[in-house]
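Read top to bottom, the protein sequences are chains D and Z. Taking the numbering used here as reference, the numbering of the first sequence is continuous, increasing by one, and the terminal residue is 223. Taking the numbering used here as reference, the numbering of the second sequence is continuous, increasing by one, and the terminal residue is 446. Ideal Cβ placement from N, Cα and C applies to all residues, glycine included. These notes concern the structure reproduced below.
Number of protein chains: 2
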Amino acid sequence: MPESAGLIDVETRQRLLNVAAELFAERGFNNVTVREICQLAGTNVAGVNYHFRDKLGLYKEVVQLAADGMNRLKVDVMNAAEPEPPEERLRTYIRLTLHHLLDPHEESWMEKLIARETIDPTPALDLIIEKGIKPTSQRYGRMIAELLGASLGDPRVWRCFLSVHAQILFYKMSMPVSMRMFPPGFKYTPEIIDGLAEHIYQFSLAGIRAAAALPRSTTECYP
Amino acid sequence: MPESAGLIDVETRQRLLNVAAELFAERGFNNVTVREICQLAGTNVAGVNYHFRDKLGLYKEVVQLAADGMNRLKVDVMNAAEPEPPEERLRTYIRLTLHHLLDPHEESWMEKLIARETIDPTPALDLIIEKGIKPTSQRYGRMIAELLGASLGDPRVWRCFLSVHAQILFYKMSMPVSMRMFPPGFKYTPEIIDGLAEHIYQFSLAGIRAAAALPRSTTECYP
DNA sequence: GCATGATTTATACAGGTGTTTGAATTATTT
DNA sequence: AAATAATTCAAACACCTGTATAAATCATGC
């Protein structure tokens with residue numbers, strides 16, 4: 001039965017991508033099976049191999065989409081915030097990313113996928129670095145450098161950026177622990193996330209200013 | 224041939240534990256096979272099941288050892304640092320933990336195992352929280368609270384601790400990314416790690432002091 | 001020295017994984 | 001409408017995983 005086709009039936013390939021993106025972002029490459037993807041996409045098991053050669057092929061395509069999407073989004077956000085002072089841009093960066101990662105209402109599989117790959121890499125890591133991390137890292141570098149009053153080549157820039165990013169990512173990745181440390185029934189509401197973002201912002205801003213006051217570290221090389 | 228036994232032959236059970244600890248800490252529960260453990264331990268495949276019931280049983284025993292070992296170590300370190308001001312204790316905590324995680328010469332599988340479980344949990348997570356995290360967390364809480372000039376119940380305590388710990392753990396977990404961002408041939412030498420630890424310390428100390436200057440956040444509940 | 005129990009071994013099992021295959025079906029072109 | 005290409009499907013394959021079994025080996029106490 002051709003499903004009275006056309007309207008409902010998004011092309012199979014696209015459905016596979018959608019389902020895979022969601023699952024991969026949530027649980028990682030190794031903890032998702034091809035069968036599960038195909039079942040949720042309403043396709044036969046062989047669908048993945050036909051359309052993407054193999055599981056890794058599908059994953060890499062999802063990664064590519066994530067990288068492109070994130071770049072587009074972040075360029076837009078940073079452009080919009082360009083006139084603001086670097087302090088405000090930092091605050092925006094933190095709040096936005098944290099919401100993407102923590103808010104269950106947000107459905108930003110892209111940010112989650114990149115975060116996961118950063119910490120639990122697969123053969124697609126190089127792809128994500130080239131297409132997802134390097135293109136935007138300069139932009140953030142400039143923001144931090146401005147706050148530091150230093151040049152982009154200063155090793156403190158990269159260190160401070162990592163210190164900020166570490167806090168953001170850690171709250172996402174250590175959620176299982178947090179859930180057990182906090183009173184039962186705890187949930188990440190938008191308000192709580194805002195409060196958290198503000199903490200990270202204040203903490204980080206002070207940290208960066210402290211780094212600015214110190215001499216350039218002796219080791220010229222990163223990190 | 225009985226291997227002229229007695230001297231060389233550590234009891235099989237112990238050899239399995241040693242090998243498993245190393246492998247689990249390095250690659251995580253799911254990325255290590257029973258066969259691999261047994262082979263490196265010079266045992267038959269059934270060895271794990273005979274001595275530990277199943278793979279998870281072995282893992283839990285390793286986790287137990289890690290938790291106990293870490294507690295002992297940290298209590299000692301913190302006791303030794305007790306007379307020092309909280310600033311110095313913070314510095315010590317950061318430097319020590321970072322060396323455990325990053326220095327390839329250190330062979331601290333315990334710290335690595337706990338770090339991994341924090342970020343990529345297994346059914347042994349509850350065990351690690353009860354035996355490995357909770358017992359020492361109060362101690363660190365006091366250190367942070369002292370720096371903040373706040374009481375242990377203040378939500379800022381936990382947040383600041385996480386901000387510090389996030390930076391430490393992140394440098395470990397994002398090593399695959401770092402290795403690709405830095406010039407080829409880069410290595411974590413003890414000197415570089417020391418420099419990094421100093422950065423995290425200065426960054427964090429300023430962050431904590433900034434948090435101390437702000438009012439207690441509105442949301443009473445963690446995090 | 002032998003019998004009993006503990007340990008180790010070789011082998012097999014059962015389940016899950018990604019992938020392949022060749023036929024059936026659908027869509028497109030002529 | 002027929003022919004050709006593209007897609008989907010059910011089934012099976014090959015491999016790897018943790019685990020179980022039953023025999024073989026070892027150690028130990030009588």
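- For the options Lys172(D), Met179(D), Asp120(D), the alpha carbon positioned closest to that of His99(D) is the one of Lys172(D).
- If you draw a straight line from the Cα of Arg295(Z) to the Cα of Met301(Z), it comes to about 10 Å.
- Closer than 8 Å to the CB of Leu98(D) there is not a single CB belonging to chain Z.
- Boundaries of the alpha helix (DSSP H) around Gly47(D): 47-52.
- Taking C-beta atoms as the reference points, Ala290(Z) and Ile351(Z) count as a pair closer than 8 Å.
- Here DSSP, grouped into helix, strand and coil, assigns Ser427(Z) to helix.
- At a cut-off of 8 Å between C-beta atoms, Met173(D) counts as an interface residue with respect to chain Z.
- Under the Cβ criterion (8 Å, minimum of three pairs), the stretch 189-206 of chain D counts as touching the stretch 379-388 of chain Z.
- Listed along the chain, the chain D residues whose CB falls inside 8 Å of the CB of Gln425(Z) are Gly207, Ala210, Ala211, Leu214.
- Each of Glu111(D), Glu146(D), Leu101(D) was checked against the Cα of Glu87(D), and the nearest Cα belongs to Glu146(D).
- Residues of chain D with a Cβ closer than 7 Å to the Cβ of Asp343(Z) are, in chain order, Asp120.
- Neighbours of Phe170(D) in chain Z, taken as residues whose beta carbon is under 7 Å from its own, are Leu385, Ala389, Leu392, Phe393 in chain order.
- The beta carbon of Cys261(Z) sits closer than 7 Å to those of Asn267, Val268, Gly270, Val271, all from its chain and outside the five residues before and after it, given in chain order.
- Residues of the stretch 173-194 of chain D with a C-beta less than 8 Å from any C-beta of chain Z: Met173, Ser174, Pro176, Val177, Ser178, Arg180, Met181, Phe182, Pro183, Phe186, Glu191, Ile192, listed in chain order.
- Sequence-distant Cβ neighbours of Met293(Z) in its own chain, meaning closer than 7 Å and more than five residues away, are Met333, Glu334, Ile337, Gly355.
- Rounded to whole angstroms, the gap between the alpha carbons of Asp377(Z) and Ile200(D) is 16 Å.
- Counting along the chain, Ile168(D) sits inside the alpha helix (DSSP H) bounded by residues 155-173.
- By the criterion of a C-beta distance shorter than 8 Å, Arg238(Z) is surrounded in its chain by Ala264, Gly265, Thr266, once the five residues flanking it on both sides are discounted.
- A direct Cα-to-Cα measurement between Leu90(D) and Tyr140(D) gives close to 9 Å.
- Using beta-carbon distances, Asp377(Z) does not count as an interface residue toward chain D, since no partner is under 8 Å.
- Each residue's CA atom was taken as its position, placing Phe405(Z) and Ile416(Z) some 15 Å apart.
- In the displayed model, Val285(Z) falls within a helix according to three-state DSSP.
- In the three-state reduction of the DSSP assignment, Lys357(Z) falls in the helix class.
- Think of a sphere of 7 Å around the beta carbon of Arg382(Z): the chain D residues whose beta carbon falls inside it are His199, in chain order.
- At a C-beta separation below 8 Å, Ile144(D) has no neighbours in chain Z, since its nearest C-beta there lies roughly 12 Å away.
- Interface criterion not met: the Cβ of Asp54(D) is under 8 Å from no Cβ in chain Z.
- Within chain D, the residues whose beta carbon sits less than 8 Å from that of Ile352(Z) are Val177, Arg180, Met181, listed in sequence order.
- His51(D) has its alpha-carbon roughly 48 Å from the corresponding atom of Trp381(Z).
- In this structure, the straight-line span from the alpha carbon of Arg35(D) to that of Arg250(Z) is close to 25 Å.
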